[in-house]
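Trainee: Input: one structure, supplied below.
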Amino acid sequence: SASEKKTYIVHMAKSEMPESFEEHTHWYDSSLKSVSDSAEMLYTYTNVVHGFSTRLTPEEAESLEGLPGILSVLPEVVYELH
Amino acid sequence: TTRTPEFLGLDRNIGGLVPESDSVSDVIVGVLDTGGWPESKSYDDMGLGPVPSEWKGECELGKSFTAVNCNKKLIGARFFSSGYEATLGPIDESKESKSARDDDGHGTHTSSTAAGSLVDGASLFGYAEGSARGMATSARIAVYKVCWLGGCFSSDLVAAMDKAVADGVNVLSMSLGGGMSEYYRDSVAIGAFTAMEKGILVSCSAGNAGPSSYSLSNVAPWITTVGAGTLDRDFPAYVSLGNGKNFSGVSLYSGKPLTNSMLPFIYAANASNSTNGNLCMTGTLLPEKVAGKIVLCDRGLSARVQKGQVVRDAGGYGMVLANTAANGEELVADAHLLPASTVGQKSGVAIKEYLLTDSNPTATIAFEGTKVGISPSPVVAAFSSRGPNSITPEVLKPDLIAPGVNILAGWSGSVGPTGLPGDTRRVGFNIISGTSMSCPHVSGLAALIKAAHREWSPAAIKSALMTTAYSSYKSGSKLQDIATGGLATPFDYGAGHVDPVSALDPGLVYDITADDYLEFLCALNYTAAQITSVAKRKYTCDASKQYSVTYLNYPSFAAAFETATTTSGSGSSGSSKVVKYTRTLTNVGAAGTYKVSLSSESQSVKISVEPDSLSFTQQNEKKLYTVTFTASSMPSGTNSFARLEWSDGKHIVGSPIAFSW
């Protein structure tokens with residue numbers, strides 16, 4: 001359920017993008033949609049991370065982790081000021 | 001900041017090494033924090049030329065923030081809240097601005113410390129008065145607001161780093177942290193890797209979890225990890241007791257002083273029905289016992305300034321705040337809402353003894369303003385997080401320390417100096433403490449070095465900062481640790497306290513490329529996926545190649561003998577263990593011959609360096625040397641320290657060495 005959803009940062013191996021995709025963002029979107037119809041991207045990262053952040057249930061996160069080209073699906077971490 | 005430029009020798013500019021403002025103004029410092037208060041005088045752009053043409057950043061429109069809030073000093077202002085709002089719901093705009101505007105003060109403080117403009121007559125209620133300036137006074141500032149009332153969310157943090165790199169910052173300053181995890185799971189480490197690869201120096205705070213060991217954050221070797229030390233400045237506030245004894249404390253209180261006459265004095269634990277009444281937590285003090293009295297509270301659990309508010313709300317006239325063992329004799333000053341003084345642990349114990357034995361205890365507090373020239377200084381702050389490095393013990397962290405105690409810098413106009421909701425005072429500058437404050441000092445100093453040496457890599461800049469840092473006072477005695485009152489070690493201060501003027505001309509540097517760091521990850525046995533997560537490119541470790549974390553050309557050494565294995569890089573021989581490091585020094589100065597010298601506090605480790613002399617005939621020439629540590633057996637948990645220095649008579653290129661068994 002939506003209440004179980006948590007934010008994850010999804011790290012993708014850009015070099016493994018299938019040739020059928022012209023834009024890496026389309027590939028990211030397709031990967032996400034394959035595990036969740038409702039999930040939307042919070043951010044798409046292009047420089048310091050290849051991937052995106054999104055809200056998923058733990059089951060969806062696990063499914064995503066098993067897809068080709070997914071390097072890791074890391075749960076959100078809350079940092080604090082020092 | 002006031003005082004720190006003088007404390008760091010920037011005002012003297014010996015040898016004319018500090019770069020001219022024109023070249024510094026080409027350097028852009030990105031600060032990921034709580035945003036900026038654009039009206040701060042520290043963002044005044046007078047005298048600055050056009051924004052660097054390569055700059056791609058923007059001033060994003062948001063609540064109480066438009067493009068006109070930016071200028072030639074504050075050249076970028078973005079905010080990132082999608083991750084925060086996805087978890088905690090929409091931002092309550094009555095409490096915080098959904099924009100880069102800083103409602104907290106922390107971001108204005110850190111950004112102005114790094115690169116704030118010169119502001120004459122800065123002070124907090126007259127305390128720490130002087131000309132305030134950032135370390136790189138002419139550098140440009142771009143603020144990236146990633147921290148909100150509910151914290152700093154990694155999805156926002158990564159988005160901000162992503163944008164800052166694209167915008168074209170030269171230095172990234174991050175005074176935040178979040179636990180300890182392997183580099184491939186650490187968003188700051190992952191983001192910082194790409195930044196480093198693009199020539200951006202990333203400076204991060206070491207954390208405020210000291211003096212416990214293994215308490216560091218942000219320990220990736222491509223990050224500059226900054227601990228905190230004190231300045232030679234204090235804000236004395238003396239506590240006089242009815243028995244005639246006086247105790248020295250500190251305070252930034254500004255308001256109606258206490259009357260000269262002695263007031264009734266009570267220990268909070270005896271003015272409360274709560275088991276932790278001594279801590280002066282909200283709702284725990286009994287007004288009938290506190291009213292009209294000075295109250296002694298112990299530090300812990302709640303904010304220091306909040307305890308003062310609790311005492312005031314219960315009718316107390318003043319507060320003495322006593323350090324506990326966790327803080328020792330460290331005196332962190334606060335702009336309390338009532339007359340208050342913070343005293344060290346020893347004084348606290350003595351005062352409590354008086355309170356518990358005298359039938360009619362009385363006290364008063366006298367505020368003495370600002371004192372400079374305090375000796376010894378710097379000393380390592382008790383709160384500053386300490387090594388060893390829990391992720392990779394073979395990389396010594398923190399890298400260095402910088403001023404982080406009682407630092408005056410710019411502040412937000414929407415919050416009082418205590419940050420308490422009930423504090424209606426508004427100030428242009430505030431005095432606060434933390435490794436958050438030391439980090440932007442180093443960020444600004446890195447910007448200065450970048451301006452002087454545009455071609456230097458982030459690793460070269462970091463090396464310059466580290467190898468020229470000092471770990472002894474001018475008297476020759478070692479830096480002290482305020483947590484213990486004894487000598488500090490490289491696990492507390494890394495390479496030592498930053499010395500920026502020397503760092504501008506380090507003579508030699510230990511340079512490291514992105515590929516060197518990838519080999520380091522291979523040595524950690526990272527999988528291909530883990531390495532790709534960090535590097536964002538395919539990199540295959542060579543199965544036929546031998547990797548070792550000791551091969552990383554780091555400017556410091558941490559030899560962990562318990563992990564020494566029989567390889568060509570390290571090995572065992574009978575009961576002694578041998579660890580070998582090969583390092584490469586790059587000449588960034590004039591031609592010269594450098595000779596090695598070693599000092600060690602331990603007889604248990606034999607150190608040899610081969611060769612013991614390195615001659616450089618031209619700039620950028622590289623020379624290798626090998627240092628071998630042969631350790632006899634010691635009980636597990638033993639630590640010992642040494643120092644290796646190369647000198648040509650003019651420069652000293654120093655490296656701390658930590659041994660652990």
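Residue numbers (my numbering), protein chains in the order written: chain A, 1 to 82; chain B, 1 to 661.
Ideal Cβ placement from N, Cα and C applies to all residues, glycine included.
The structure displayed is predicted, hence computed values, not measured ones.
Looking only at DSSP bridge pairs, what is A460 (chain B) linked to?
Mentor: Looking up residue 460 (chain B) in the second sequence gives position 460. For A460 (chain B), which the question treats as bridged, DSSP gives no partner whatsoever.
Trainee: Would you kindly work out how many angstroms separate the C-alpha atoms of H497 (chain B) and E197 (chain B), rounded to a whole number?
Mentor: Numbered from its first residue, the second sequence carries residue 497 (chain B) at position 497. Numbered from its first residue, the second sequence carries residue 197 (chain B) at position 197. Their backbone Cα atoms lie some 26 Å apart in a straight line.
Trainee: Is it the case that the segment 435–447 of chain B contacts the segment 471–481 of chain B, given that we only count it when at least three CB pairs across the two stretches are under 8 Å?
Mentor: no
Trainee: Shortest alpha-carbon distance to D234 (chain B) belongs to which of B:Y184, B:M634 and B:G373?
Mentor: As a first step, residue 234 (chain B) must be located in the second sequence, where it is residue number 234. D234 (chain B) has its Cα closest to that of B:G373, out of B:Y184, B:M634 and B:G373.
Trainee: Quick one, which residues of the segment 38–64 of chain A are near chain B if we go by CB-CB under 8 Å, in chain order?
Mentor: Here the close residues are L42, Y43, Y45, T46, N47, V48, V49, H50, S53 and R55.
Trainee: Given a cut-off of 8 Å on the beta-carbon distance, is the pair V442 (chain B) and Y554 (chain B) in contact?
Mentor: By 1-based counting over the second sequence, the position of residue 442 (chain B) is 442. By 1-based counting over the second sequence, the position of residue 554 (chain B) is 554. It is not a contact, given that the beta carbons lie outside the stated cut-off.
Trainee: Kindly say whether A409 (chain B), judged by its beta-carbon, lies nearer than 8 Å to any beta-carbon of chain A.
Mentor: Along the second sequence, one-based indexing puts residue 409 (chain B) at 409. Interface residue (Cβ-Cβ distance to chain A less than 8 Å): A409 (chain B) is not classified as such.
Trainee: When the Cα atoms are used, what is the spatial distance from S138 (chain B) to L124 (chain B)?
Mentor: Numbered from its first residue, the second sequence carries residue 138 (chain B) at position 138. Numbered from its first residue, the second sequence carries residue 124 (chain B) at position 124. Going from the Cα of S138 (chain B) to the Cα of L124 (chain B) covers about 23 Å.
Trainee: So, helix, strand or coil for K33 (chain A), using DSSP?
Mentor: In the first sequence, the residue the question calls residue 33 (chain A) occupies position 33. If DSSP states are grouped into helix, strand and coil, K33 (chain A) belongs with the helices.
Trainee: Please confirm whether S72 (chain A) has its beta-carbon closer than 8 Å to some beta-carbon of chain B.
Mentor: Sequence index remark: in the first sequence, residue 72 (chain A) carries index 72 (1-based). Yes, contact with chain B.
Trainee: Per the DSSP calculation, A238 (chain B) is bridged to which residue(s)?
Mentor: Residue numbering aside, residue 238 (chain B) sits at position 238 when the second sequence is read from its first letter. For the record, residue 238 (chain B) in the displayed sequence is Tyr; it is not Ala. Paired residue(s): B:S248 and B:A366.
Trainee: I want to verify the contact list: residues of chain A whose CB lies under 7 Å from the CB of N208 (chain B), in sequence order.
Mentor: Here residue 208 (chain B) refers to the residue found at position 208 of the second sequence. Chain A residues near N208 (chain B): H82.
Trainee: What are the residues in the segment 91–113 of chain B lying within 7 Å of chain A by C-beta distance?
Mentor: H106
Trainee: Let's see if you can read the secondary structure: which residues bound the beta strand (DSSP E) around K580 (chain B)?
Mentor: As a working note, residue 580 (chain B) is residue 580 in the second sequence. It spans S576 to N587 - the beta strand (DSSP E) in which K580 (chain B) sits, taken as one unbroken run.
Trainee: Inspect the beta-carbon positions of V226 (chain B) and I482 (chain B) and report whether they are closer than 8 Å.
Mentor: Position 226 of the second sequence, counted from the start, is the residue given in the question as residue 226 (chain B). Position 482 of the second sequence, counted from the start, is the residue given in the question as residue 482 (chain B). Cβ atoms of V226 (chain B) and I482 (chain B): not closer than 8 Å.
Trainee: Indicate whether at least one CB of chain B lies closer than 8 Å to the CB of T7 (chain A).
Mentor: By 1-based counting over the first sequence, the position of residue 7 (chain A) is 7. Interface residue, yes.
Trainee: Which residues does DSSP pair with L32 (chain B) in a beta bridge?
Mentor: Along the second sequence, one-based indexing puts residue 32 (chain B) at 32. Paired residues: B:Y144 and B:M174.
Trainee: Is the Cβ of H26 (chain A) closer than 8 Å to any Cβ of chain B?
Mentor: Here the question's residue 26 (chain A) lines up with position 26 in the first sequence. Answer no: the Cβ-Cβ gap between H26 (chain A) and chain B never drops below 8 Å.
Trainee: Kindly indicate which three-state DSSP category R643 (chain B) falls into: helix, strand or coil?
Mentor: If you number the second sequence from 1, residue 643 (chain B) lands on position 643. When DSSP states are grouped into helix, strand and coil, R643 (chain B) belongs to the strand group.
Trainee: Please list the partners that E76 (chain A) has in chain B, where partner means a Cβ-to-Cβ separation under 8 Å.
Mentor: Counted from its first residue, the first sequence places residue 76 (chain A) at position 76. Ordered by position in chain B, the residues that pass the 8 Å Cβ test against E76 (chain A) are G83, T87, F153, S154 and S155.
Trainee: Could you tell me which uninterrupted alpha helix (DSSP H) segments, each at least 4 residues in length, are contained entirely in the segment 181–236 of chain B, listed from first to last along the chain?
Mentor: 187–197
Trainee: Relative to the alpha-carbon of P490 (chain B), which residue among B:P611, B:S433 and B:L644 has its alpha-carbon at the smallest distance?
Mentor: Along the second sequence, read from residue 1 onward, the residue named residue 490 (chain B) stands at position 490. With distances taken between Cα atoms, P490 (chain B) lies closest to B:L644.
Trainee: Using a Cβ-Cβ cut-off of less than 7 Å, list which residues of the segment 500–528 of chain B approach chain A; keep chain order.
Mentor: none
Trainee: Just tell me which of B:S556, B:K72 and B:Y517 has its CA closest to the CA of C541 (chain B).
Mentor: The residue you call residue 541 (chain B) lines up with position 541 of the second sequence. With distances taken between Cα atoms, C541 (chain B) lies closest to B:Y517.
Trainee: What does a CB cutoff of less than 7 Å around T468 (chain B) pick up in its chain, not counting 5 residues either side in sequence?
Mentor: On the second sequence, residue 468 (chain B) is found 468 positions in, with the first residue counted as 1. Only residues of its own chain outside the window of five on either side were considered, and among them D499, S502, A503 and P506 have a CB closer than 7 Å to the CB of T468 (chain B), listed in chain order.
Trainee: If you check the beta carbons only, do T582 (chain B) and Y551 (chain B) fall under 8 Å apart?
Mentor: Stepping through the second sequence from its first residue, residue 582 (chain B) is reached at position 582. Stepping through the second sequence from its first residue, residue 551 (chain B) is reached at position 551. Contact flag set, yes.
Trainee: So, helix, strand or coil for E129 (chain B), using DSSP?
Mentor: The residue labelled residue 129 (chain B) in the question sits at position 129 within the second sequence. Here E129 (chain B) sits in strand by DSSP.
Trainee: Can you list, in chain order, the residues of its chain with a C-beta nearer than 7 Å to that of E19 (chain A)? Leave out the 5 residues immediately preceding and following it.
Mentor: In the first sequence, the residue the question calls residue 19 (chain A) occupies position 19. Hits under 7 Å: none found.
Trainee: If the criterion is Cβ atoms closer than 8 Å, does the pair A268 (chain B) and A220 (chain B) meet it?
Mentor: For the purposes of this step, residue 268 (chain B) is taken as residue 268 along the second sequence, with counting starting at 1. For the purposes of this step, residue 220 (chain B) is taken as residue 220 along the second sequence, with counting starting at 1. No.
Trainee: What residues in the segment 525–549 of chain B have a beta carbon less than 8 Å from any beta carbon of chain A?
Mentor: A529, Q530, T532, S533, K536, R537 and K538
Trainee: For H109 (chain B) and N430 (chain B), what's the separation of their Cα atoms in angstroms?
Mentor: The residue given as residue 109 (chain B) occupies position 109 in the second sequence. The residue given as residue 430 (chain B) occupies position 430 in the second sequence. Answer to the nearest angstrom: the Cα atoms are 8 Å apart.
Trainee: Report the rounded CA-to-CA distance for S38 (chain A) versus R133 (chain B), giving the unit in angstroms.
Mentor: As a working note, residue 38 (chain A) is residue 38 in the first sequence. As a working note, residue 133 (chain B) is residue 133 in the second sequence. Going by the C-alpha atoms only, they are around 50 Å apart.
Trainee: Can you find a C-beta in chain B that's less than 8 Å from the C-beta of S15 (chain A)?
Mentor: Start at 1 with the first residue of the first sequence, and residue 15 (chain A) comes out as number 15. Yes - at least one Cβ of chain B is within 8 Å of the one on S15 (chain A).
Trainee: Could you tell me which chain A residues have their CB closer than 7 Å to the CB of V165 (chain B), listed as they occur along the chain?
Mentor: In the second sequence, counting from the first residue as 1, residue 165 (chain B) sits at position 165. Chain A residues near V165 (chain B): N47 and V48.
Trainee: Which residues in chain A sit within 7 Å of L176 (chain B), going by Cβ to Cβ distance?
Mentor: Along the second sequence, read from residue 1 onward, the residue named residue 176 (chain B) stands at position 176. Those are Y79, E80, L81 and H82, listed as they occur along chain A.
Trainee: List the endpoints of the continuous beta strand (DSSP E) containing S412 (chain B).
Mentor: Within the second sequence, the letter at position 412 stands for residue 412 (chain B). For S412 (chain B), there is no enclosing beta strand (DSSP E), as DSSP marks it with neither H nor E.
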